[in-house]
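Protein sequences appear in the order of chains A and B.
Take the first sequence: its position 31, counted from the start at 1, is 94 in the working numbering, and no numbers get skipped.
Take the second sequence: its position 392, counted from the start at 1, is 968 in the working numbering, and no numbers get skipped.
C-beta: ideal position from N, C-alpha, C; glycine also.
Following: one structure in structure tokens, then a few remarks.
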Amino acid sequence: MSISVHWHELVTVALLGTDRRDPPPAPDGAVADIVADSLGDTPAARMLTAIAATTVARRAGVRPGPPAPALAPPPADARPLVTPAAAARWRAIVRDWPVLEDEWLLTVARGGWRLPPDVLVGLLRRHRRDAVRWARAVAVGGPAATWLVEHRPELDRPGRRSAASSVDDPLDELPGLAVAPELVGVLEAGAAAASSALRAVLAAGVVPAQRNVLVNFVARCRPDVLGPLAATLRAAADDLGGPAAGLTHTLADLAVARAAMLTELAAQ
Amino acid sequence: MSTPRWSIEQVVALAPTPARYAGAEGLAVPGRWAGLGADDRALWGRCRGSGREPYEAMVDHVELGWRCSCPSRSQPCKHALALLVLWVRGQVPADATPLGVARWLDGRARRPATDPASAGDSAAAPTAEPPEPAGTAEPDPGPEAPPLDLDASRNERLARLLDGLVELDRWLEDRLRTGLSDPALGRYETWDALAARLIDARAGALANRVRRLAGVVGTRPDWHEVVLAELGILHLLAQAGRRVPDLASPLADAVATACGWQVRQSELLAGVPETDTWVVAGRSDTREDRIEVRRVWLRGRRGQWAMVLSFAAYRQALDASLPVGSELTADLHRYPGPSVRALVGSIGEHGPARSTPPPAVDVAGATDEIGRWLAAEPWADRVPVTVRAAATVADGRWVLTDATGSLALAPDAPGLATLVAAGAGSAVDVTVEWTIDGAVPLTVHLPDRDLDIGPVADDSFVSAA
Chain A
64 MSISVHWHEL VTVALLGTDR RDPPPAPDGA VADIVADSLG DTPAARMLTA IAATTVARRA
124 GVRPGPPAPA LAPPPADARP LVTPAAAARW RAIVRDWPVL EDEWLLTVAR GGWRLPPDVL
184 VGLLRRHRRD AVRWARAVAV GGPAATWLVE HRPELDRPGR RSAASSVDDP LDELPGLAVA
244 PELVGVLEAG AAAASSALRA VLAAGVVPAQ RNVLVNFVAR CRPDVLGPLA ATLRAAADDL
304 GGPAAGLTHT LADLAVARAA MLTELAAQ
Chain B
577 MSTPRWSIEQ VVALAPTPAR YAGAEGLAVP GRWAGLGADD RALWGRCRGS GREPYEAMVD
637 HVELGWRCSC PSRSQPCKHA LALLVLWVRG QVPADATPLG VARWLDGRAR RPATDPASAG
697 DSAAAPTAEP PEPAGTAEPD PGPEAPPLDL DASRNERLAR LLDGLVELDR WLEDRLRTGL
757 SDPALGRYET WDALAARLID ARAGALANRV RRLAGVVGTR PDWHEVVLAE LGILHLLAQA
817 GRRVPDLASP LADAVATACG WQVRQSELLA GVPETDTWVV AGRSDTREDR IEVRRVWLRG
877 RRGQWAMVLS FAAYRQALDA SLPVGSELTA DLHRYPGPSV RALVGSIGEH GPARSTPPPA
937 VDVAGATDEI GRWLAAEPWA DRVPVTVRAA ATVADGRWVL TDATGSLALA PDAPGLATLV
997 AAGAGSAVDV TVEWTIDGAV PLTVHLPDRD LDIGPVADDS FVSAA
């Protein structure tokens, strides 16, 4: 009798209890010797010894199963992999600056980068209930994304296959964001005008509800103004003081993060 | 020199019931307290309760004891526990000892050491020192602590442990007699009462195993097999623990540690360190009761494994000082046995941000490593190994495979999708943790990066590290 068969006999008796069923005899060998040497004087005690010895034998005797055929790989994708720094940036953005995530992914697409496996899985899982962003992740993920969703259906979008609507062009323009009315006119302006306008808004005093529209401005202003904008904001924070100073530093942090993101994903 | 702070697990272990600890957590908010203070010996504060006057609580954290003006008959009360929780979190400021606290401490010092009340103001106080879970290093008494009769203390602890192991074995026999279909197994109290008894016996590690088992009953189709196997391991430890005085030293130490025998951090750190360059090969977070546990697996250049454990209670941050893929040259101090678990001593230097990945074996080599490990430590419930193999599906189950065989992967492992994506049908180097449910992938080692894909703590429970 094999250890495996003996184990199943032990499970059966254990379900019923030794008050109702005698323990099974151990197969000849080490387990039987250990049970014979045990000091237990009741059926339950002897069976406990058999259970312990059999469990140890099964675990320590772990053997590999038969080799299994490998999965057919996805079609080759020659695009270079997003760098570790850029992948780390995506994780930081998701945690701290989700307003930048759309731009990160579209910049990856435009730069001709390939998504690393952890980022691809993270994007698919994170946007399962967002048709546009999920489709964008699949489009940027390329053949690996489609292949992965086939093998790991939990990454698929619920109801995608039966849904009548589909996303026409997931890599279309960056979605617009609501920006403070005073700043709409300087979204495309140069560093001096953008910095000056933002500083004026902050100096006039901001209420908490304005935070998002100011964040959106920094997330959508011209990339080349980010460096000067961050410097201006840092300097202004000391002058502003009070609650506005905290928000000013936050906006400066965002400008620095966005500038770094775009640098990391600059075309190869 | 200040007395080391306790760990949160010590406070949890001190609580007479999980409900009492949960109640204490609710009170462990500085805003509910006034006059909080701590010194090398004691903690004190006034907690607003349901009464008109605040409750005066004080805890002796060196010669364990407590006192509280609340009417609770259960000891320690939730106010004393909450005070300890606040202290562990660093929310009790250092202050000069108030006169009332000094008098109480003085009164405790005058009592005979054998007086049960010396552990607190209540004869019901269950312990004379902080109980702890498995192998946890206990804090060292402060320099002001009165000299202890170490032999007498050790013998007393050993006697309690042996009593607890006898009781554990008797309980296991009862389970076998009445069978796993006994409805009592579905009730948490059945397990919790035993766990509480084991904590009293200073067998915190066994208490943890028992509590984990309570959460398995009825939760999966094969729970009978899982529970039965674990009952077998508990019996093995109960038997081996009772023979500790007769076992050879390394095995005796390993068994004692597995049962929950405590060692002082200073004893560990005073031992000969194992100095090497260590690669952080993997990380895995698991929730155990109300504590988040982080295991960080280190692999030395000479091939040996070590594990660094850290803990976080609700809203606490887990230790993030050992990021996966990094390397460091450091002294490790292993727990007795020598155990895989270790404390990090002095750190010479951090290596490059990205280390050379640990060497990988094939699937047959991996099962050999796992088997050898489990033959030496049958009670181990996690075994690390780095294997080069491809993820694929065999008989409806995900496995790691190569020409030498296949190794089952844990079906619910959160990193499985990333492992599949990383390999894309080809072999990759992956560090896994063997468990009874299959291998849990922790790290994929790619040529230019290491992907940390081990189970991650729920961020609504722990704060960002």
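Quick check: what's the CA-CA separation for residue i versus residue j?
| i | j | result |
| --- | --- | --- |
| B:Ile1029 | B:Arg875 | 17 Å |
| B:Leu662 | A:Ala107 | 46 Å |
| A:Thr311 | A:Glu327 | 24 Å |
| B:Trp747 | A:Ile66 | 26 Å |
| B:Thr994 | B:Val1004 | 12 Å |
| A:Arg154 | B:Ala781 | 36 Å |
| B:Gly524 | B:Leu612 | Because residue 524 of chain B is not part of the residues shown, which for chain B are 577 to 1041, the question remains open. |
| A:Gly222 | A:Leu240 | 28 Å |
| B:Leu724 | B:Asp615 | Because B:Leu724 carries a pLDDT of 43, less than 50, the predicted location of this residue cannot be relied on, and the following value inherits that uncertainty. One C-alpha to the other measures close to 21 Å. |
| B:Pro674 | B:Leu619 | 10 Å |
| A:Glu245 | A:Glu164 | 25 Å |
| A:Gly128 | B:Ser650 | 53 Å |
| A:Arg126 | B:Leu885 | 29 Å |
| B:Cys623 | B:Trp609 | 5 Å |
| B:Trp653 | B:Asp957 | It is worth fixing the name first, because residue 653 of chain B is Cys in this sequence and not Trp. Taking the straight line joining both Cα atoms gives about 34 Å. |
| A:Val270 | A:Leu261 | 14 Å |
| B:Asp822 | B:Val869 | 33 Å |
| A:Asp85 | A:Val76 | 7 Å |
| B:Thr593 | B:Arg773 | 11 Å |
Can you round the beta-carbon distance between residue i and residue j to whole angstroms, since I take them to be within the 8 Å contact cut?
| i | j | result |
| --- | --- | --- |
| B:Val1008 | B:Ala967 | About 11 Å separates the two Cβ atoms, so there is no contact after all. |
| B:Pro990 | B:Pro1031 | 5 Å |
| B:Ser860 | B:Leu659 | Not quite, the Cβ-Cβ distance comes to about 32 Å (not below 8 Å), so this is no contact. |
| B:Gly762 | B:Gly794 | 6 Å |
| B:Gly518 | B:Leu985 | The question about residue 518 of chain B has no answer here: the residues shown for chain B are numbered 577 through 1041. |
| B:Gly972 | B:Arg930 | At roughly 37 Å, the Cβ-Cβ gap does not stay under 8 Å, so B:Gly972 and B:Arg930 are not in contact. |
Count the other CB atoms, across all protein chains shown, that sit within 10 Å of the CB of residue i; report buried if there are 16 or more and exposed otherwise.
| i | result |
| --- | --- |
| B:Glu749 | buried |
| B:Asp691 | Unreliable placement is indicated for B:Asp691, whose pLDDT of 38 sits below 50; the coordinate value is still reported in the next sentence. Result: exposed. |
| A:Leu79 | exposed |
| B:Pro722 | Because the pLDDT of B:Pro722 is 43, which lies under 50, any placement of that residue in the model is unreliable, and the question is left without a value. |
| A:His71 | exposed |
| A:Met64 | exposed |
| B:Val605 | exposed |
| B:Glu925 | exposed |
| B:Ile946 | buried |
| B:Ile867 | buried |
| A:Leu186 | buried |
| B:Gly858 | buried |
| A:Leu102 | exposed |
| B:Ser915 | buried |
| B:Ala888 | buried |
| A:Pro234 | In the sequence under discussion, the amino acid at residue 234 of chain A is Leu, which differs from the Pro named in the question. Its Cβ having fewer than 16 others within 10 Å, A:Leu234 is exposed. |
| A:Pro137 | buried |
| B:Gly981 | buried |
| B:Gly740 | buried |
| A:Pro249 | Strictly speaking, residue 249 of chain A in this sequence is Val, with Pro absent from that position. By the 10 Å Cβ count, A:Val249 comes out buried. |
| A:Arg192 | exposed |
| B:Tyr764 | exposed |
| A:Asp181 | buried |
| B:Gly808 | buried |
| B:Gly913 | buried |
| B:Ala595 | exposed |
Confirm, please, whether the CB-CB distance from residue j to residue i is below 8 Å.
| i | j | result |
| --- | --- | --- |
| A:Asp207 | A:Leu183 | Sequence inspection shows Ala at residue 207 of chain A; the Asp mentioned does not correspond to that position. Closer than 8 Å, so yes. |
| B:Ile1012 | B:Val802 | yes |
| B:Ala1000 | B:Val963 | no |
| B:Tyr911 | B:Phe1037 | no |
| B:Val939 | B:Leu950 | no |
| B:Ala656 | B:Ala633 | yes |
| A:Ile156 | A:Met324 | yes |
| B:Leu908 | B:Ala896 | no |
For the ligand NAD, any of its heavy atoms closer than 7 Å to the Cβ of residue i?
| i | result |
| --- | --- |
| B:Asp1034 | Looking at this structure, you won't find the ligand NAD or any other ligand, since it has none at all. |
Within 9 Å of chain B by C-beta, residues of the segment 102–117 of chain A in sequence order: Leu102, Gly103, Thr105, Pro106, Ala107, Ala108, Met110, Leu111, Thr112, Ala113, Ile114, Ala115, Ala116 and Thr117
Proximal residues, the segment 72–101 of chain A versus chain B, C-beta separation under 9 Å: Leu73, Val74, Val76, Ala77, Leu78, Leu79, Gly80, Thr81, Asp82, Arg83, Arg84, Pro86 and Ser101
Positions along the segment 932–961 of chain B whose CB lies within less than 7 Å of some CB in chain A: Val939, Ala940, Thr943, Ile946, Gly947, Leu950, Ala951 and Pro954
Near-chain A residues of the segment 978–990 of chain B (beta-carbon distance less than 8 Å), N- to C-terminal order: Asp978, Ala979, Thr980, Gly981, Ser982, Leu983 and Ala984
Residues from the segment 740–763 of chain B in contact with chain A, defined by Cβ distance under 9 Å: Asp745, Leu748, Glu749, Asp750, Arg751, Leu752, Arg753, Thr754, Gly755, Leu756, Ser757 and Asp758
Under 7 Å (Cβ pairs) to chain A, residues found in the segment 991–1007 of chain B: Ala993, Thr994, Val996, Ala997, Ala998, Ala1000, Gly1001 and Ser1002
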